[in-house]
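Let me begin by presenting the structure, written as structure tokens, before commenting on it.
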Amino acid sequence: MSRFLIALVLGLAAAASGCGVATSTDSVSSTAAASAAESPLLVVHKSPTCGCCSLWVDHMKQAGFRAEIQLSDNVEPVKRRVGVPAGYGSCHTAEVGGYFVEGHVPAEDVQRLLKERPDALGLTVPGMPMGSPGMEVPSGEVRPYTVFLVHRDGTVSPFAEHGSR
Ligand SMILES: [Cu+2]
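Terminal number for the sequence shown in this note's numbering: 169, no gaps in between.
Right under this line is the structure:
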């Protein structure tokens with residue numbers, strides 16, 4: 005009788021631990037799925053030596069984005085593939101939610117893009133304006149710059165303005 009009880013208890017413990025593992029795995033994966041939905045994945049194409057690109061990625065992570073870095077010595081093919089218009093390029097090219105994000109675009113503008121979801125290709129901050137995210141200077145000065153929305157036909161229109169005019 006006591007042997008039977010021990011076997012029963014051990015059996016229950018094994019079943020319980022098996023179930024416990026399954027349950028915790030389930031909760032982990034559903035938590036990951038939930039946080040994935042809340043924090044969009046940014047795929048960033050940059051050269052290995054681009055420091056301001058990395059600082060921009062830090063800025064985006066602080067705003068809640070997850071980032072996957074794709075190192076490449078030549079990001080031009082990526083810019084052509086996603087549709088960055090000639091003359092509107094910058095140092096790095098990111099992809100998020102079906103859009104491209106070219107250069108030092110502030111996280112708030114990317115968040116607005118993903119919320120409003122315009123029928124467009126992406127956002128760009130041409131060049132590398134002083135004071136934009138990842139291009140900060142000790143004085144805190146922000147040169148006025150424009151974030152452009154790039155339409156499907158390759159034309160652009162202002163999406164946001166930053167810096168003091
Ligand atoms: Cu840069």
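Don't be surprised by glycine CBs; every beta carbon is placed ideally from N, CA and C.
Here the structure is a predicted model, which means the values were calculated and not measured.
Three-state class that DSSP yields for residue i in the structure shown
| i | result |
| --- | --- |
| A67 | coil |
| V82 | helix |
| A164 | strand |
| G126 | strand |
| V141 | coil |
| V32 | With a pLDDT of only 43 at V32, under the threshold of 50, the placement of this residue in the model should not be trusted, and no figure is reported. |
| A20 | Its pLDDT being 34, under 50, A20 is placed unreliably in this model, and the coordinates cannot settle the point. |
| G15 | Per-residue confidence for G15 stands at a pLDDT of 39, beneath the threshold of 50, marking its modelled position as unreliable; the derived number appears in the next sentence. Helix. |
| V48 | strand |
| A38 | Because A38 sits at a pLDDT of 46, beneath the cut-off of 50, its placement in the model cannot be relied upon, and the following sentence gives the value as read from the coordinates. In this structure, A38 counts as helix in the three-state DSSP scheme. |
| G93 | coil |
| A26 | For A26, the pLDDT reaches just 36, beneath the cut-off of 50, and the residue's location in the model is therefore unreliable, although a value from the coordinates is still provided. Note: A26 maps to helix in three-state DSSP. |
| V61 | helix |
| G131 | coil |
Endpoints, alpha helix (DSSP H) assigned at residue i
| i | result |
| --- | --- |
| A114 | In the sequence as presented, Ala is not what sits at residue 114; that position holds Val. Counting along the chain, the alpha helix (DSSP H) containing V114 begins and ends at A111 to E120. |
Host beta strand (DSSP E) of residue i (start-end)
| i | result |
| --- | --- |
| A98 | T97 to V100 |
| T53 | It is not in any beta strand (DSSP E) - T53 carries neither H nor E in the DSSP assignment. |
| E106 | Y103 to E106 |
| T159 | Careful: T159 lies outside any beta strand (DSSP E) and carries neither H nor E. |
| V88 | Note, V88: premise wrong, no beta strand (DSSP E); not H, not E. |
| V175 | The displayed coordinates of the chain run from 5 to 169. Any statement about residue 175 would go beyond what the structure contains. |
As a quick check of your reading: which residues have a C-beta less than 7 Å from at least one non-hydrogen atom of ligand 1, in chain order? Matched residues: C54, C56, C57, W60, S94, C95, H96, G107, H108, M132, G138 and M139.
Examine the Cβ distances between the region 93 to 111 and the region 45 to 52 and report whether three or more of them are shorter than 8 Å. Proximity of the region 93 to 111 to the region 45 to 52 meets the contact definition, three or more beta-carbon pairs being nearer than 8 Å.
Are there three or more Cβ pairs, one per stretch, closer than 8 Å when the region 71 to 85 is compared with the region 49 to 63? Taking 8 Å as the limit for Cβ pairs, the verdict is that the region 49 to 63 does touch the region 71 to 85.
Could you tell me whether the region 156 to 165 touches the region 132 to 146, using the rule of 3 or more Cβ pairs below 8 Å? They do not touch, by the three-pair rule.
Pairs of beta-carbons, one from the region 83 to 101 and one from the region 55 to 66, closer than 8 Å: are there three or more? Yes, they touch.
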